[in-house]
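Chemist:
Shown next, in the form of structure tokens:
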């Protein structure tokens, strides 16, 4: 048997340049987002691909391996993407991007899974505490710069 401890909890939002037509939405569904070009940075592919498959249409998804190319395409307004935000942070942006909530309320957890009755080393306990406290104390200062 296994135990799990949640380290972080958050949710996904749609990220769009304010010059895109999609930026006029106050709330958006995955199905509506999938009608527009959707940029996905490849390391996030498994999770984000599953979200788009949920909407039933992945024809407009563009997968990009190079982060500099991905960020340049976002800056130029080539399509919308996903952004994850921790639950305790409100996303404040002074950029030309709009963060649009999804109708589906897509939450995620980052969990630490270990064997039940396992004795966690002091280093493991310290790591869990560090991860939780870091994002609680400094998460509001972290942002993705496109």
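In my numbering, the protein residues as written are 109 to 254.
Every residue, glycine too, gets a C-beta built ideally from N, C-alpha and C.
(1) Do the CB positions of residue 130 and residue 148 come within less than 8 Å of each other?
(2) With a Cβ-Cβ cutoff of 8 Å, do residue 170 and residue 187 count as a contact?
(3) The beta strand (DSSP E) spanning residue 208 covers which residue range?
(4) From 180, 156, 182, pick the residue whose C-alpha is nearest to that of residue 142; which is it?
(5) Grab me the residues of residue 193's own chain with a C-beta within less than 7 Å of its C-beta, minus the 5 sequence neighbours each way, in chain order.
(6) Run through DSSP, which three-state label would residue 234 get?
(7) Would you say residue 116 reaches chain D, if we count a Cβ-Cβ gap shorter than 8 Å as a contact?
(8) Whether or not the stretch 200-215 and the stretch 233-244 are in contact is what I'm after, with contact meaning three or more pairs of Cβ atoms, one per stretch, closer than 8 Å; do they touch?
(9) Anyone know if the C-beta pair for residue 110 and residue 224 falls short of 8 Å?
(10) Please report the distance separating the alpha-carbon of residue 145 from that of residue 168.
(11) With a CB to CB cut of under 7 Å and the five nearest residues on each side skipped, what residues in its chain are close to residue 219?
(12) Could you check how far apart the C-beta atoms of residue 210 and residue 138 are, in whole angstroms? I think they sit under 8 Å.
Modeler: Concretely, from the data shown:
(1) The Cβ atoms of residue 130 and residue 148 do not sit closer than 8 Å to each other.
(2) A contact, by the Cβ cut-off of 8 Å.
(3) Counting along the chain, the beta strand (DSSP E) containing residue 208 begins and ends at 205-209.
(4) The closest CA to that of residue 142, considering only 180, 156, 182, is found on 156.
(5) Same-chain partners within the cutoff: 118, 119, 121, 199.
(6) If DSSP states are grouped into helix, strand and coil, residue 234 belongs with the helices.
(7) Absence of chain D from the displayed structure is noted, only one protein chain being present.
(8) The stretch 233-244 vs the stretch 200-215: no contact.
(9) Against a cut-off of 8 Å, the Cβ pair of residue 224 and residue 110 comes out as a contact.
(10) Residue 145 and residue 168 have their C-alpha atoms spaced approximately 5 Å apart.
(11) Closer than 7 Å at Cβ, skipping near neighbours: 112, 113, 114, 115.
(12) With 8 Å as the limit, residue 210 and residue 138 qualify as a contact, their Cβ atoms being about 6 Å apart.
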